[in-house]
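2 protein chains.
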Amino acid sequence: MARAATTSDAFNAVAEPRRREILNYLALQERSVGEIVATLEMEQPSVSKHLRVLLDVGLVNVRREGRRMMYRVNAEAIRPLHEWTSTFERFWQHQLNRVKEHAERKSSSWQGAIPAARQDKF
Amino acid sequence: MARAATTSDAFNAVAEPRRREILNYLALQERSVGEIVATLEMEQPSVSKHLRVLLDVGLVNVRREGRRMMYRVNAEAIRPLHEWTSTFERFWQHQLNRVKEHAERKSSSWQGAIPAARQDKF
DNA sequence: ACAATACATTCCTATATGGGAATATGTCAA
DNA sequence: TTGACATATTCCCATATAGGAATGTATTGT
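Chains as they are written, first to last, in this note's numbering: chain A, 938 to 1059; chain V, 938 to 1059.
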């Protein structure tokens, strides 16, 4: 089996950077396809295709206004992502607390973050 | 160009449901590959491959303990996702506020949510 | 009706999977 | 060293893109 369809859920849909850009832009206010194309400097067919994906997973809604299609974000659909990430919030708060306690106890220099990536092979 | 690599960033990595399951499981505590395999009922090679992806984007860290590899989540790497979704938080709060105000003003029946998906073609 | 405007869809292609099977690698125990 | 145990990696393949080019469709103005 290959990777899941981008239209399978919001997680897959926002995995694409261009689609996040579009959502960020739409976060400000409702926009037409043409405005998105002009502002984000993407090809029109590309924008239409990304919007189609976002529409399929419910991340945006549309409304026709004459010849233009006005898109707006449907924040509700982003909420599951927010809630999933929130389940890990306590961890970085713990880490912050530990850093804070450490700083308060020792009041000395902080060595910076531990590199997060690959630590095997050694 | 095809879709971006799952190892390109955390957004792509967590787009896969199995990987989110693994992260959820690891959120409870550090676990060995074998424990993940047994608990989530996935094939061992599959788990190893998913862990590799998670490791590449820094979503987990590893530590060898004898013959076992102990994995744990690196919540810091999830933080960017949390923060991105947070930029839309005000929207659903607005919606909730509007619902609340509406309910307070009219104190009548609420028709339920507007379907989020496809509303074109009609 | 017809041209222009604004989008959407289709076709084609290189690329990146994710799962299953088989195999390789690393570590410990006897 | 040898065997067993725990993981990781490689191969193969069906599938799902994302971008570019070309084309189809809907709506408005004259």
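Think of the CB as a built atom: it goes at the ideal place given N, C-alpha and C, for glycine as much as any other residue.
What does DSSP give as the partner residue(s) for residue i in the beta ladder?
i: V/S969; result: V/M1007
i: V/E1002; result: V/R1005
i: A/V997; result: A/V1010
Closest by CA to residue i, which one among the options?
i: A/Y1008; options: A/A942, A/V984, A/A941; result: A/V984
i: A/V970; options: A/A939, A/Q981, A/L991; result: A/Q981
i: A/L963; options: A/M938, A/W1029, A/S945, A/L992; result: A/L992
i: V/M1006; options: V/L1018, V/V974, V/E958, V/T944; result: V/V974
i: A/V1105; options: A/M938, A/A939, A/R940, A/T944; result: This structure cannot speak to residue 1105 of chain A, because chain A is shown only from 938 to 1059.
i: A/F1028; options: V/H1019, V/F1025, V/E1013; result: V/E1013
i: A/E1026; options: V/A950, V/A939, V/N961; result: V/N961
i: V/F948; options: A/Q1030, A/W1021, A/E1002; result: A/W1021
i: V/R955; options: V/P1017, V/E978, V/R1001, V/R1016; result: V/E978
i: A/V1010; options: A/T976, A/G1003, A/I959; result: A/I959
i: V/V951; options: V/E967, V/R1004, V/G1003, V/L1018; result: V/L1018
i: A/R957; options: V/R957, V/E953, V/T1024; result: V/T1024
i: V/A941; options: A/E953, A/E967, A/I1015, A/R1001; result: A/E953
Run through chain A and tell me which residues come within less than 8 Å of residue i, C-beta to C-beta.
i: V/V1036; result: What V/V1036 touches in chain A: nothing, since even the nearest Cβ is about 11 Å away.
Under 9 Å between beta-carbons, which chain A residues line up against residue i? List them in chain order, please.
i: V/T944; result: Correct list: empty, because the minimum Cβ distance to chain A is about 10 Å.
Report task. Report the residues of the segment 972-995 of chain A with a CB closer than 8 Å to any CB of chain V, ordered along the chain. Result -> If the cut-off is 8 Å between Cβ atoms, the segment 972-995 of chain A has L992, D993, V994, G995 near chain V.
Report task. State whether the segment 986-1003 of chain A contacts the segment 973-991 of chain V, with contact taken as three or more CB pairs (one from each stretch) at a distance under 8 Å. Result -> Judged by Cβ distances under 8 Å, the segment 986-1003 of chain A makes no contact with the segment 973-991 of chain V, as fewer than three pairs qualify.
Query raised in the report: Listed in chain order, which residues of the segment 1002-1020 of chain A have Cβ atoms closer than 8 Å to some Cβ of chain V?
Result: M1006, V1010, N1011, A1012, E1013, A1014, I1015, R1016, L1018, H1019
Query raised in the report: Of all the residues that make up the segment 952-969 of chain V, which are near chain A by a beta-carbon distance shorter than 8 Å?
Result: Answer set for the segment 952-969 of chain V: A952, E953, P954, R957, L960, N961, A964.
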